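Asks: Below is one structure. I have some questions about it.
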Amino acid sequence: MTGPSRDVAPVPAVSRQVSRVEAAFRLLGRLRGAPVLHPDGLTCEADLEVPGGGEPWAVPWLDRPGRYAATVRLSRAAGLPRRLPDGLGLAVRVDGPDGPGSVLDLLLTSSGRGQVTRHLPLPRADALAGPYSSLVSYRVSGRPCLLAAFPRRSRPAPVHGDPASLAGALSAGPLVFDLCAETPDRSWRRFAVLTVRTPLPLEPNESADYDIYAHDAQQFTPGPALAALRRAAYRGSRAGRR
Numbered sequence: 001m002t003g004p005s006r007d008v009a010p011v012p013a014v015s016r017q018v019s020r021v022e023a024a025f026r027l028l029g030r031l032r033g034a035p036v037l038h039p040d041g042l043t044c045e046a047d048l049e050v051p052g053g054g055e056p057w058a059v060p061w062l063d064r065p066g067r068y069a070a071t072v073r074l075s076r077a078a079g080l081p082r083r084l085p086d087g088l089g090l091a092v093r094v095d096g097p098d099g100p101g102s103v104l105d106l107l108l109t110s111s112g113r114g115q116v117t118r119h120l121p122l123p124r125a126d127a128l129a130g131p132y133s134s135l136v137s138y139r140v141s142g143r144p145c146l147l148a149a150f151p152r153r154s155r156p157a158p159v160h161g162d163p164a165s166l167a168g169a170l171s172a173g174p175l176v177f178d179l180c181a182e183t184p185d186r187s188w189r190r191f192a193v194l195t196v197r198t199p200l201p202l203e204p205n206e207s208a209d210y211d212i213y214a215h216d217a218q219q220f221t222p223g224p225a226l227a228a229l230r231r232a233a234y235r236g237s238r239a240g241r242r
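See the structure below:
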């Protein structure tokens with residue numbers, strides 16, 4: 001009689017791992033009184049423009065030109081001093097992609113550009129020095145692909161990722177990002193332009209509960225990779241803060 005395959009974890013083991021992750025994030029959230037990762041950030045008004053045209057995406061909100069109100073939170077993962085490299089976060093909430101009342105959340109992390117490093121978080125000191133990646137695949141019209149945001153370099157000096165530095169940069173003009181999806185040949189195709197404008201009057205540790213699994217769009221959803229563990233981390237972090 002053979003035992004279970006080593007390639008597939010037994011369901012009870014997976015459940016225990018999920019429970020441990022949720023408990024750990026609940027404890028950390030309670031201790032910090034803020035999100036476990038990216039505890040301090042700058043939340044801003046933004047808008048997202050979908051140009052439309054070109055080859056269809058087979059995704060309703062990407063196949064029609066439109067402009068959407070958005071909320072963006074720029075943050076540092078560990079809250080290290082501003083001149084030190086840190087994991088930088090770009091959280092985007094888009095209002096109404098599937099009609100009134102619908103919401104789409106995107107969570108992107110500073111990453112590399114290469115075909116391997118685009119899947120890995122990359123600490124960075126300058127918020128405009130490189131791309132931000134979803135790290136794990138989305139399903140865009142059923143096709144797995146990464147998402148990425150590429151900042152447009154609009155000023156020569158570095159823009160540090162702490163709230164004060166970001167607010168100072170925004171006082172001189174908006175920050176613009178090209179949002180792209182990975183193509184089958186591993187190149188990038190732009191699907192929207194994100195323009196980050198005015199900081200909102202929120203404390204650095206205040207944040208909306210961004211959740212890519214609760215807030216997605218038709219034919220534009222996060223893939224299954226690590227879904228259970230990430231959901232557990234979100235639940236634990238939110239529960240701890242409450």
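Counting in the UniProt record's numbering, the sequence shown runs from 1 upward without gaps. All C-beta atoms, glycine included, are put in the ideal place defined by N, C-alpha and C. Computed from a predicted structure; not experimentally measured.
#1: Give the straight-line distance between the Cα atoms of residue 118 and residue 135, rounded to the nearest whole angstrom.
#2: For residue 200 and residue 44, I'd like the C-alpha separation in whole angstroms.
#3: Can you confirm whether the segment 173-181 touches the segment 143-157 when touching is taken to mean that 3 or more C-beta pairs between the two stretches lie within less than 8 Å?
#4: Name the residue from 71, 224 and 131 whose alpha carbon lies nearest to the alpha carbon of residue 103.
#5: Out of 112, 165, 64 and 207, state which residue places its alpha-carbon closest to the alpha-carbon of residue 147.
#6: DSSP state of residue 149, grouped into three classes?
#7: Decide if residue 114 is buried, meaning its Cβ has at least 16 other Cβ atoms within 10 Å, or exposed.
#8: Can you give the Cα-Cα distance for residue 183 and residue 101, rounded to whole angstroms?
#9: Per DSSP, what kind of secondary structure is residue 222 in: helix, strand or coil?
#10: Could you tell me which of 223, 107 and 219 sits nearest to residue 58, measuring between CA atoms?
#11: Taking the alpha-carbon of residue 197 as reference, which of 110, 65, 73 and 78 has the nearest alpha-carbon?
#12: Taking 8 Å as the cut-off, decide whether the C-beta atoms of residue 47 and residue 69 are in contact.
#13: Compute the Euclidean distance between the alpha carbons of residue 170 and residue 123, then round it to the nearest angstrom.
#14: Just to confirm the assignment, what range does the alpha helix (DSSP H) spanning residue 62 have?
#15: Within its chain, find whatever has a CB closer than 6 Å to the CB of residue 217; leave out the 5 residues flanking it on each side and keep chain order.
#16: Under the rule that 16 or more other beta-carbon atoms within 10 Å means buried, what is residue 187, buried or exposed?
#17: Are the beta-carbon atoms belonging to residue 82 and residue 160 less than 8 Å from one another?
#18: Taking all protein chains shown into account, do 16 or more other C-beta atoms lie within 10 angstroms of the C-beta of residue 185, making it buried, or fewer, making it exposed?
Replies: The relevant details are as follows:
#1: One C-alpha to the other measures close to 7 Å.
#2: C-alpha of residue 200 to C-alpha of residue 44: approximately 5 Å in a straight line.
#3: The segment 143-157 vs the segment 173-181: in contact.
#4: Nearest option by C-alpha distance: 71.
#5: Comparing Cα positions, the closest option is 112.
#6: Per DSSP, reduced to three states, the secondary structure at residue 149 is strand.
#7: Flag for residue 114 reads exposed.
#8: Approximately 30 Å, taken between the alpha carbons.
#9: Taken through DSSP and simplified to helix, strand or coil, residue 222 comes out as strand.
#10: Nearest C-alpha to residue 58: 219.
#11: When only C-alpha atoms are compared, the closest one is 73.
#12: Remark: C-beta atoms of residue 47 and residue 69 approach each other more closely than 8 Å.
#13: Cα to Cα, residue 170 sits roughly 22 Å from residue 123.
#14: From DSSP, residue 62 is part of no alpha helix (DSSP H); its letter is neither H nor E.
#15: Contacts found: 61, 97, 98 and 104.
#16: Counting Cβ neighbours within 10 Å, residue 187 comes out exposed, since fewer than 16 surround it.
#17: Yes, the pair counts as a contact, with Cβ atoms nearer than the cut-off.
#18: Residue 185 comes out exposed.
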